[in-house]
Each structure stands twice: as C-alpha cells, then as structure tokens.
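The next block holds one structure in the form of structure tokens; read it before the comments.
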Amino acid sequence: MDAPSSNRTKVEGKGNEGKIPRTERGRKTLRKLLDASAIEFGERGFHEASVSSITRRAGVALGTFYTYFDSKDALFRALVNDMSDNVKSSARSALSESMGALQTEQAALAAFLEFAREHKEVYRIIDEAEFVDPDSYQAHYATIAKLIEKRLKEGGENGELRDDLGDVEAWAIMGINVFVGLRYAVWGDENEDMNDHAATVNRMLAKGIAAK
Numbered sequence: 009m010d011a012p013s014s015n016r017t018k019v020e021g022k023g024n025e026g027k028i029p030r031t032e033r034g035r036k037t038l039r040k041l042l043d044a045s046a047i048e049f050g051e052r053g054f055h056e057a058s059v060s061s062i063t064r065r066a067g068v069a070l071g072t073f074y075t076y077f078d079s080k081d082a083l084f085r086a087l088v089n090d091m092s093d094n095v096k097s098s099a100r101s102a103l104s105e106s107m108g109a110l111q112t113e114q115a116a117l118a119a120f121l122e123f124a125r126e127h128k129e130v131y132r133i134i135d136e137a138e139f140v141d142p143d144s145y146q147a148h149y150a151t152i153a154k155l156i157e158k159r160l161k162e163g164g165e166n167g168e169l170r171d172d173l174g175d176v177e178a179w180a181i182m183g184i185n186v187f188v189g190l191r192y193a194v195w196g197d198e199n200e201d202m203n204d205h206a207a208t209v210n211r212m213l214a215k216g217i218a219a220k
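This is how it looks when you write it as structure tokens:
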C-alpha cells in the first residue's frame, strides 16, 4: 500500500473522515481516488457507485482504498470538501487587488462558469450531498456566501457599492451564479461565451432590472 497507517493523519473538519498521507506517493494515490470518485459519483450517483468501481477507475488495489478512507461515505464527504475548495480556488485565482468591486464579482463568476463547464459533475455531487451529507452541503454554500458577503462589505467600505449590503444580498448573488452555471455551463452549448454571461449578470447587479 502507498501509505501505511503510521504514516497518515486525519483530515481536519467536521464530517470528513479521510486521511491525509504524508508521502508524495500517497498524496498522488489520494488524488487518484478523489478524481475517480468524482467521475463515478457524477455519472452514477452516490448509491450506484461502489468502492470497487472507484478503485478500478483510479487504478489502485481495493485494499489501498481503506488506507485513505474508512467507507464510501467518508470518501464522498472528502470529495464534497475537495470540490468546494476547488470552486472557491477557481474564483480566487481569477481575482486581483487592482479590480474594482463589480469587476471582482464578474471575474469570480466567469471563473466559476468555466470551472463548472469543465467539471459538470460538481452539480450532481453537491446536490446529492444534501441527502448524503447535509453538513457538508450546507457548509459548501455557507462558506461561499460568506466570501461574497466579505467582498460586498469591502466594496461598501470603499464607496463602490452600497454600504448596507450583507447576508441576504450575498446569498441572492450566489443563487444567481449557481443557476446561471447550471443553465449555461452544464446545459449550454460548448461554445457558450462565459465571459459574456458573467458580464450580463454584472450589468444586472450594477443597474438592477427596473426601468429608469
């Protein structure tokens, strides 16, 4: 096996029973399992996917699985956390300190739409988490909403946005982003211009929908 029990540590965080290997070889095997499980859970769903099908796809021995996870449920929880981190990092990597508040929201949405187009399985997996692991499901959205709220408040403090924006507005923006992603990144044509869709949403944020 790639990482013996004496060479691993529990992942920190509620509901996450995965084990983080301390060797590079072990980390690569863990990555293979997470990537394979994303495909299996995305294509077949949590209940139809099996540990054996995941290990076959990952190209690792069945016994190796239990070096990293105690159960399929534990793997699913780790995958939800991994995908949630990837969603946030995809947006974060597109931002820079030189961007204004509205430009920041547009760039974050455009990056998310591109991520969702490349990883369509994220929608099915996160949706299933509502029933398989409700805590991770709620944490995924709550942490993203907090990041949006933080950006809105920063925009209010520097005078670019209203100074009364908070939790409700953050969740509303996140809801728009999620369903624009579903419509255009998952259901849309491969030639969809995600930057254009992000700009459309941004214009609505900037100007509203009421006639002037």
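If you want this note's numbering, it's the 1-based position in the sequence shown plus 8.
Each residue gets a CB set at the ideal place from its N, CA and C atoms; glycine is no exception.
Only a predicted model underlies this, so the values are computations on that prediction, with no experimental measurement involved.
Practice task
Report yes if the CB atom of residue 74 is closer than 9 Å to the CB atom of residue 29, and no otherwise.
Solution key: Not in contact: residue 74 and residue 29 (Cβ atoms no closer than 9 Å).
Problem - Classification of residue 63 by the beta-carbon crowding that lies within 10 angstroms, buried from 16 upward - result: Residue 63 comes out buried.
Practice task
With a floor of 3 residues, list each beta strand (DSSP E) that falls wholly inside the region 20-82, ordered by position along the chain.
Solution key: 27-29
Problem - Burial state of residue 101 (16 or more Cβ within 10 Å) - result: Residue 101 comes out exposed.
Problem - Local conformation of residue 196 per DSSP, three classes - result: Coil, per DSSP.
Problem - Beta-carbon gap between residue 95 and residue 123 smaller than 9 Å - result: yes
Handout entry: residue 100 - DSSP class collapsed to helix/strand/coil
Key = helix
Practice task
Can you have a look at residue 38 and say buried or exposed, based on whether 16 or more other CB atoms are within 10 angstroms of its CB?
Solution key: buried
Problem - Cβ pair count under 8 Å reaching 3, the region 101-118 against the region 158-168 - result: They touch, by the three-pair rule.
Practice task
Would you decide whether residue 118 is buried or exposed? Buried here means 16 or more other CB atoms lie within 10 Å of its CB.
Solution key: buried
Exercise for the section: Alpha carbon to alpha carbon, how far is residue 131 from residue 55? Give it in angstroms, no decimals. Expected result: If you take the alpha carbons of residue 55 and residue 131, they lie about 16 Å apart.
Exercise for the section: Put residue 107 into one of helix, strand or coil per three-state DSSP. Expected result: coil
Exercise for the section: Taking only the alpha-carbon atoms, compute the straight-line gap between residue 97 and residue 155 and give it to the nearest angstrom. Expected result: 11 Å
Exercise for the section: Go ahead and label residue 13 buried or exposed: buried means 16 or more other beta carbons lie within 10 angstroms of its beta carbon, across all protein chains shown. Expected result: Only weak support exists for where residue 13 lies, its pLDDT of 34 falling under 50; the value from the coordinates is given anyway. Exposed, since its Cβ has fewer than 16 Cβ neighbours within 10 Å.
Practice task
Determine the closest residue to residue 189 out of 175, 204 and 177, with distance taken between C-alpha atoms.
Solution key: 204
Exercise for the section: Could you tell me which of 191, 168, 208 and 139 sits nearest to residue 84, measuring between CA atoms? Expected result: Considering only alpha carbons, the answer is 139.
Practice task
Kindly indicate which three-state DSSP category residue 13 falls into: helix, strand or coil?
Solution key: Per-residue confidence for residue 13 stands at a pLDDT of 34, beneath the threshold of 50, marking its modelled position as unreliable; the derived number appears in the next sentence. Correct three-state label for residue 13: helix.
Practice task
Could you have a look at residue 184 and say whether DSSP puts it in helix, strand or coil?
Solution key: If DSSP states are grouped into helix, strand and coil, residue 184 belongs with the helices.
Handout entry: residue 152 versus residue 176 - alpha carbon distance
Key = 13 Å
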